[in-house]
Structures are given as structure tokens and as C-alpha cells.
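This note's numbering puts the sequence shown at residues 19 to 196. All C-beta atoms in this analysis are idealised placements derived from N, C-alpha and C, irrespective of residue type, glycine included. None of the values given here were measured: they were computed from a predicted structure. First up is the structure itself, then whatever we jot down about it.
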Amino acid sequence: MSQTKKEGLGLQNLYIKIIQKLTSIKGTPEAIAKGFATGVAISFTPFVGFHLLLCLFISKITKQNSISGVLGTIAGNPWTFPFIWYLVFHTGIFILGHDAPEQEVDFKLLFKELFHCVINLDFSQFWVDIWPVFYPMLIGCIPLYFMIWQIVYHTIKCVLEKKEYGKEKNKNDNGARL
């Protein structure tokens, strides 16, 4: 079996496991889908380290399913963050009308310096080193948040409703045979 097929099967298994987890959560398909979409969309913000807290906060104030939201934040992980940060940064650059930087942005160093600033409450280098990259990311995450949220919400809601309909149909079929 080729490597591509193996990776495809791995992603398919991951998708199946996530859907199984989502269907086991108590709540309406709409609330579960909204929570999951919020978790995935939060992963597209530059607030690394605060995704879970932000997701829980937004889920609670908007009455979404917070458990599915936490599950959705898995979309932001070490494999996806470089892609997400690059996309968010360049979207922000485009929206602000700036030229792309000549050098590649070292996001690892950026978030390390940001962590240092926050932990030590030393913001002397924040405006010089961090803000020129963080600000475009902050602007770029806004349209991506809403776009990703809509896509994930509608997809997951549709899948959960089909699963729920299948369960209902099986219950009715089994009851009719007895």
C-alpha cells in the first residue's frame, strides 16, 4: 500500500473517530456542531495557549456545546499550526495592504518571545519584535474565523443530523418488526 493511501486511511479513521465522539455527546446536532465549529475556528486565532479558554468562554456565552468545542480545538496542533499561522499572517498582510515581509517569519521565535513578555511582564520588545507580526495575524484571523466556522458548522450539523436520522430509522424499523 502506498504512503498516500496509508495517510488517507489515517485521516479517514480520524474523521470517523471524531464523528463517533461527537455523536456520543449529549445535545442537539445544532449545539454540538456550533461548539465544534467554534473550537476549530478558535484554532485560527493567534492566541496560542488560550484556545481552550476562549472556546469555553464563547461556548458558554453563546449556549453552544462546550465539550464539542474543546474537541474542535484539536484542529490546532503542532502539525497544523505552521500552516494556520502562515495563512492567517498573509491574510492579515493582504487585508492591511502591506507588502509581504522579505524574510520568512519565524513563528516559533515569535511565540517564544511573546510568552517571555507575558510571563515576565516585560513588554519592552513587544512593539518592536512581536506587534509587527501579531497585528496582521490578529486582523487576518477575523475573516478566516467566520469562514471556517460556517464551513465546519454546516458540515458537522449535516453529518450529525444524518447519523441521528439513521438511529431514529433503525429504532422505528426494529420496533415495527417486534
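ask   = Which runs of the alpha helix (DSSP H) spanning at least 4 residues fall entirely within the segment 122-184, listed in chain order?
value = 125-138
key: Own chain, CB closer than 6 angstroms to Ser42, minus 5 neighbours either side, in chain order   = none
task = From the DSSP output, in three-state form, read off Leu196 for me.
result = Low confidence applies here, because Leu196 scores a pLDDT of 46, under 50, leaving its location unreliable; read the following figure in that light. Here Leu196 sits in coil by DSSP.
ask   = Per the contact definition of three or more C-beta pairs closer than 8 angstroms, is the segment 48-61 in contact with the segment 153-171?
value = yes
key: Endpoints, the alpha helix (DSSP H) within which Thr46 is located   = It is not in any alpha helix (DSSP H) - Thr46 carries neither H nor E in the DSSP assignment.
key: Other residues of its chain near Lys175: CB distance less than 7 angstroms, five sequence neighbours each side excluded   = Pro47, Glu48, Ala51
message = Measuring only the C-alpha atoms, how far is Ala59 from Ser142?
response = 31 angstroms
ask   = According to the neighbour-count rule (16 or more other Cβ atoms, all chains shown, within 10 Å of its Cβ), is His69 buried or exposed?
value = buried
query = Taking the alpha carbon of Val123 as the point to measure from, which residue in Cys159, Ile113, Met155, Ser61 has its own alpha carbon closest?
reply = Met155
Asn31 Cβ short of 8 angstroms to the ligand FAD heavy atom set = Among the ligands in the structure shown, none appear at all, so the ligand FAD cannot be discussed.
ask   = Can you find at least 3 beta carbon pairs, one from the segment 106-113 and one from the segment 158-169, that sit closer than 8 angstroms?
value = yes
message = Just to confirm my understanding: we take Glu182, look at its own chain, exclude 5 residues before and 5 after, and list those with CB closer than 7 angstroms. What are they?
response = Pro47
ask   = In whole angstroms, what is the alpha-carbon distance linking Ser84 and Lys180?
value = 22 angstroms
query = Apart from the five residues just before and just after Val177, which ones in its own chain have a Cβ nearer than 7 angstroms to its Cβ?
reply = Ile37
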